[in-house]
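See below for the structure under consideration.
In the working numbering, the protein residues as written are 40 to 167.
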(Lines of atoms letter the chains of each structure in order from A and count residues from 1; the text may use other names and numbers.)
(Lines give C-alpha, C1' and ligand atoms only; values in the text may rest on other atoms or scores of the structure.)
Protein backbone atom coordinates (compact mmCIF):
# COMPACT_ATOMS: atom_id res chain seq x y z
CA UNK A 1 0.00 0.00 0.00
CA UNK A 2 1.54 3.28 -1.15
CA UNK A 3 -0.10 6.65 -0.58
CA UNK A 4 1.12 10.15 -1.43
CA UNK A 5 0.57 13.12 0.89
CA UNK A 6 0.87 16.76 -0.12
CA UNK A 7 1.37 19.83 2.06
CA UNK A 8 0.13 22.08 -0.73
CA UNK A 9 3.61 23.35 -1.57
CA UNK A 10 4.00 24.44 -5.19
CA UNK A 11 7.48 22.87 -5.06
CA UNK A 12 5.89 19.40 -4.87
CA UNK A 13 4.01 19.91 -8.13
CA UNK A 14 6.79 21.81 -9.88
CA UNK A 15 9.64 19.50 -8.86
CA UNK A 16 7.85 16.14 -8.96
CA UNK A 17 7.82 14.89 -5.40
CA UNK A 18 5.43 14.38 -2.48
CA UNK A 19 5.74 15.91 0.96
CA UNK A 20 5.37 12.39 2.29
CA UNK A 21 4.92 8.85 1.07
CA UNK A 22 3.17 6.24 3.17
CA UNK A 23 4.40 2.77 2.32
CA UNK A 24 3.01 0.04 4.53
CA UNK A 25 3.51 1.10 8.15
CA UNK A 26 6.17 3.69 7.30
CA UNK A 27 5.87 7.38 6.54
CA UNK A 28 8.77 8.98 4.69
CA UNK A 29 8.60 12.78 4.99
CA UNK A 30 10.59 14.64 2.36
CA UNK A 31 13.09 17.29 3.30
CA UNK A 32 10.95 20.14 4.63
CA UNK A 33 11.96 23.78 4.91
CA UNK A 34 10.46 26.56 7.00
CA UNK A 35 7.84 27.83 4.57
CA UNK A 36 4.26 28.41 5.55
CA UNK A 37 2.96 26.85 2.34
CA UNK A 38 -0.35 28.75 2.49
CA UNK A 39 1.41 32.12 2.32
CA UNK A 40 4.82 31.04 0.98
CA UNK A 41 6.52 33.05 3.73
CA UNK A 42 9.34 31.89 5.97
CA UNK A 43 10.80 33.14 9.27
CA UNK A 44 14.24 34.71 8.87
CA UNK A 45 15.89 32.98 11.84
CA UNK A 46 16.91 29.33 11.92
CA UNK A 47 14.96 28.58 15.13
CA UNK A 48 11.79 30.05 13.64
CA UNK A 49 12.30 28.01 10.50
CA UNK A 50 12.70 24.87 12.61
CA UNK A 51 9.40 25.61 14.42
CA UNK A 52 7.63 26.06 11.07
CA UNK A 53 9.15 22.82 9.79
CA UNK A 54 7.96 20.85 12.81
CA UNK A 55 4.43 22.27 12.38
CA UNK A 56 4.41 21.07 8.76
CA UNK A 57 5.85 17.67 9.71
CA UNK A 58 3.26 17.22 12.48
CA UNK A 59 0.42 18.05 10.07
CA UNK A 60 1.73 15.65 7.43
CA UNK A 61 2.19 12.85 9.95
CA UNK A 62 -1.37 13.40 11.15
CA UNK A 63 -2.64 13.00 7.58
CA UNK A 64 -0.71 9.74 7.41
CA UNK A 65 -2.23 8.38 10.63
CA UNK A 66 0.88 9.00 12.73
CA UNK A 67 2.26 11.75 14.97
CA UNK A 68 5.61 13.04 16.19
CA UNK A 69 5.74 10.21 18.74
CA UNK A 70 5.88 7.85 15.74
CA UNK A 71 9.14 9.30 14.42
CA UNK A 72 12.02 6.82 14.27
CA UNK A 73 14.60 8.87 12.35
CA UNK A 74 15.40 12.55 11.80
CA UNK A 75 17.96 14.07 9.46
CA UNK A 76 18.55 17.80 9.88
CA UNK A 77 20.48 20.00 7.48
CA UNK A 78 21.65 23.55 8.27
CA UNK A 79 23.62 26.00 6.15
CA UNK A 80 25.79 27.31 9.01
CA UNK A 81 27.18 25.56 12.09
CA UNK A 82 25.88 28.48 14.18
CA UNK A 83 22.33 27.32 13.35
CA UNK A 84 22.81 23.91 15.00
CA UNK A 85 22.12 25.09 18.55
CA UNK A 86 18.83 26.97 17.91
CA UNK A 87 17.55 24.27 15.57
CA UNK A 88 18.44 21.44 17.95
CA UNK A 89 16.81 23.29 20.88
CA UNK A 90 13.52 23.37 18.96
CA UNK A 91 13.98 19.72 17.99
CA UNK A 92 14.59 18.91 21.66
CA UNK A 93 11.31 20.58 22.63
CA UNK A 94 9.39 18.64 19.99
CA UNK A 95 11.08 15.27 20.44
CA UNK A 96 12.17 15.26 24.09
CA UNK A 97 10.19 12.12 24.92
CA UNK A 98 10.49 10.50 21.48
CA UNK A 99 14.28 10.51 21.07
CA UNK A 100 14.52 9.02 17.56
CA UNK A 101 17.76 8.20 15.79
CA UNK A 102 19.00 11.55 14.50
CA UNK A 103 21.80 13.37 12.73
CA UNK A 104 22.57 16.97 11.84
CA UNK A 105 24.64 18.04 8.86
CA UNK A 106 26.15 21.40 7.93
CA UNK A 107 25.78 21.90 4.17
CA UNK A 108 27.05 24.58 1.82
CA UNK A 109 23.60 25.73 0.73
CA UNK A 110 20.05 24.88 -0.19
CA UNK A 111 17.78 25.50 -3.16
CA UNK A 112 16.98 29.09 -2.14
CA UNK A 113 19.22 31.40 -0.10
CA UNK A 114 16.55 32.12 2.54
CA UNK A 115 16.43 28.41 3.44
CA UNK A 116 18.63 27.86 6.49
CA UNK A 117 17.21 24.55 7.74
CA UNK A 118 15.76 21.44 6.15
CA UNK A 119 14.49 18.41 8.07
CA UNK A 120 13.68 14.93 6.77
CA UNK A 121 11.75 12.43 8.90
CA UNK A 122 10.87 8.75 8.88
CA UNK A 123 8.01 7.55 11.08
CA UNK A 124 6.17 4.32 11.68
CA UNK A 125 2.38 4.37 11.88
CA UNK A 126 1.25 2.94 15.22
CA UNK A 127 -0.71 -0.29 15.06
CA UNK A 128 -4.26 -0.05 16.31
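All C-beta atoms, glycine included, are put in the ideal place defined by N, C-alpha and C.
In terms of Cβ geometry, residue 111 and residue 140 form a close pair [threshold 8 Å].
With 16 or more other Cβ atoms inside 10 Å of its own Cβ, residue 73 counts as buried.
The residue from 45, 108, 122 with its alpha-carbon nearest to that of residue 69 is 45. Within the stretch 94–143, complete beta strand (DSSP E) segments of at least 3 residues are found at 110–117, given in chain order. For residue 41, the enclosing beta strand (DSSP E) covers residues 41–44.
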